[in-house]
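In mature numbering (1 follows the signal peptide of the UniProt record, and there is no 0), the protein residues as written are -24 to -1, 1 to 280.
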């Protein structure tokens, strides 16, 4: 009798352990799964699950665009599809993606991403000889799935909205070779010396990194610069920010808040340490407003 009871007890114990293991596996599976219904609802885009990598990817083909590349009529499947991929990352979710944008869409869509918790990680072209000119904005983020999916959804919506309204290219009728601005306004606002090169007033701020074990700095191209032309009230500025990766989002937000356009985000070197990211910009307005906008972006780097 004791033997039978012991056998029954052992059998019940094994069943209980097995049940606990099943529940644990189910919880683990649920914890690492993606709510594709929520992602599709909040992004407003249809997606597909890659079971091998456990990634859910939503895509929006730019069927509204008619793009010619060197005489070839392109279709969305040839690289003109906006997408965002979601993947579980511990307790959070990671998103990465690429937005297909015309030139006039870049800055409205970029601002929409930044305002809704989506990081902008690169901005560049993928083609040459394309008409209309198409830019590609890479995005990323880590956090709550609903927040990220909502942010991506607002980005997709902004692309759709701005596609429906054709915005003329910014036009500022001034000649850069005829400059009458007061350089002291720039020096006062930015807090850095101004150099005159012909009719252009330029501020250059050094950064540094290591290349193959050697210092690389200002003269080697590791610098932030801004070149001003025009008059005090009607000026143009263009330039390049050199940033650590951790500084990029702050600089982007500051420049866009000042109404300065972002024209490219990419790297100029490989193998450097620390990694330096470069951001090109363009803006028009009064010298004082433009210089203050650049100073605000510099201040975000100082705070880092």
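For glycine and all other residues, C-beta sits at the position ideal for the given N, C-alpha and C.
#1: Less than 8 Å between the CB atoms is what I'm expecting for residue 232 and residue 124, so what's the real figure, rounded?
#2: According to DSSP, is residue 62 part of a helix, a strand, or is it coil?
#3: Mind checking who residue 199 pairs with in its DSSP beta bridge?
#4: Count the CB pairs spanning the segment 63 to 71 and the segment 131 to 144 that are closer than 8 Å, and state whether there are at least three.
#5: Answer yes or no: do residue 176 and residue 211 have a C-beta to C-beta separation smaller than 8 Å?
#6: Please classify residue 116: does DSSP put it in a helix, a strand, or coil?
#7: If you scan the segment 10 to 93 from start to end, which runs of the alpha helix (DSSP H) of 4 or more residues do you find wholly inside it?
#8: What did DSSP end up calling residue 167 once you bin it into helix, strand or coil?
#9: Starting from residue 255, follow the beta strand (DSSP E) in both directions and report where the run begins and ends.
#10: Output the distance between the C-alpha atoms of residue 21 and residue 209, rounded to the nearest integer angstrom.
#11: Under 8 Å, with one C-beta from each stretch per pair, do the segment 242 to 262 and the segment 115 to 129 reach the 3-pair mark?
#12: Would residue 52 and residue 37 qualify as a contact pair, given that the criterion is a beta-carbon distance under 8 Å?
#13: Would residue 132 and residue 58 be called neighbours here (beta carbons separated by less than 8 Å)?
#14: From residue 60 to residue 239, what distance separates their C-alpha atoms?
#15: Quick one: is residue 218 buried, meaning 16 or more other Cβ sit within 10 Å of its Cβ, or exposed?
#16: Give me the DSSP bridge partner(s) of residue 99.
#17: Would you mind sorting residue 113 into buried or exposed? The rule is 16 or more other CB atoms within 10 Å of its CB.
#18: Are there 16 or more other CB atoms within 10 angstroms of the CB of residue 234, so buried, or fewer, so exposed?
#19: Hey, residue 134 and residue 111: beta-carbon distance below 8 Å or not?
#20: DSSP three-state label for residue 272, please.
#21: Excluding sequence positions up to five away, which residues of its chain have a Cβ less than 6 Å from the Cβ of residue 335?
#22: Going by DSSP in three states, residue 150 sits in which element: helix, strand or coil?
#23: With a 10 Å radius around its C-beta and 16 neighbouring C-beta atoms as the bar for buried, classify residue 24 as buried or exposed.
#24: If you check the beta carbons only, do residue 194 and residue 180 fall under 8 Å apart?
#25: Can you say whether residue 261 is buried or exposed, counting buried as having 16 or more other CB atoms within 10 angstroms of its CB?
According to the data block:
#1: On the chain shown, residue 232 is found 256 positions in, with the first residue counted as 1. On the chain shown, residue 124 is found 148 positions in, with the first residue counted as 1. About 20 Å; that fails the 8 Å criterion.
#2: As a first step, residue 62 must be located in the chain shown, where it is residue number 86. Residue 62: strand per DSSP, three-state reduction.
#3: As a working note, residue 199 is residue 223 in the chain shown. The partner list for residue 199 (beta bridge, DSSP) reads 182.
#4: no
#5: What you label residue 176 is simply residue 200 of the chain shown in a count that begins at 1. What you label residue 211 is simply residue 235 of the chain shown in a count that begins at 1. Result no, Cβ atoms of residue 176 and residue 211 do not sit closer than 8 Å.
#6: As a working mapping, residue 116 is identified with position 140 in the chain shown. In this structure, residue 116 counts as strand in the three-state DSSP scheme.
#7: 12 to 19 and 82 to 91
#8: For the purposes of this step, residue 167 is taken as residue 191 along the chain shown, with counting starting at 1. If DSSP states are grouped into helix, strand and coil, residue 167 belongs with coil.
#9: Position 279 of the chain shown, counting from 1, holds the residue named residue 255. Start and end: 252 to 261.
#10: As a working note, residue 21 is residue 45 in the chain shown. As a working note, residue 209 is residue 233 in the chain shown. Looking at the two C-alpha atoms, the distance is approximately 45 Å.
#11: no
#12: Counted from its first residue, the chain shown places residue 52 at position 76. Counted from its first residue, the chain shown places residue 37 at position 61. Yes, these two residues count as a Cβ contact at 8 Å.
#13: Sequence index remark: in the chain shown, residue 132 carries index 156 (1-based). Sequence index remark: in the chain shown, residue 58 carries index 82 (1-based). Going by C-beta atoms, residue 132 is nearer than 8 Å to residue 58.
#14: If you number the chain shown from 1, residue 60 lands on position 84. If you number the chain shown from 1, residue 239 lands on position 263. Whole-angstrom Cα-Cα distance: 22 Å.
#15: For the purposes of this step, residue 218 is taken as residue 242 along the chain shown, with counting starting at 1. With 16 or more other Cβ atoms within 10 Å, it is buried.
#16: If you number the chain shown from 1, residue 99 lands on position 123. Paired residues: 113 and 241.
#17: Indexing the chain shown from 1 puts residue 113 at position 137. Counting Cβ neighbours within 10 Å, residue 113 comes out buried, since at least 16 surround it.
#18: For the purposes of this step, residue 234 is identified with residue 258 of the chain shown, where counting begins at 1. Residue 234 should be labelled buried.
#19: Against the chain shown, residue 134 aligns to sequence position 158. Against the chain shown, residue 111 aligns to sequence position 135. No.
#20: Taking the chain shown and counting its residues from 1, one reaches residue 272 at position 296. Residue 272 falls in the helix class under three-state DSSP.
#21: There is no way to answer for residue 335, as the model of the chain reaches only from -24 to 280.
#22: Taking the first residue of the chain shown as 1, we reach residue 150 at position 174. Three-state DSSP puts residue 150 in coil, outside helix and strand.
#23: If you number the chain shown from 1, residue 24 lands on position 48. When all chains shown are included, residue 24 counts as exposed.
#24: Start at 1 with the first residue of the chain shown, and residue 194 comes out as number 218. Start at 1 with the first residue of the chain shown, and residue 180 comes out as number 204. Contact: yes.
#25: What you label residue 261 is simply residue 285 of the chain shown in a count that begins at 1. It counts as buried.
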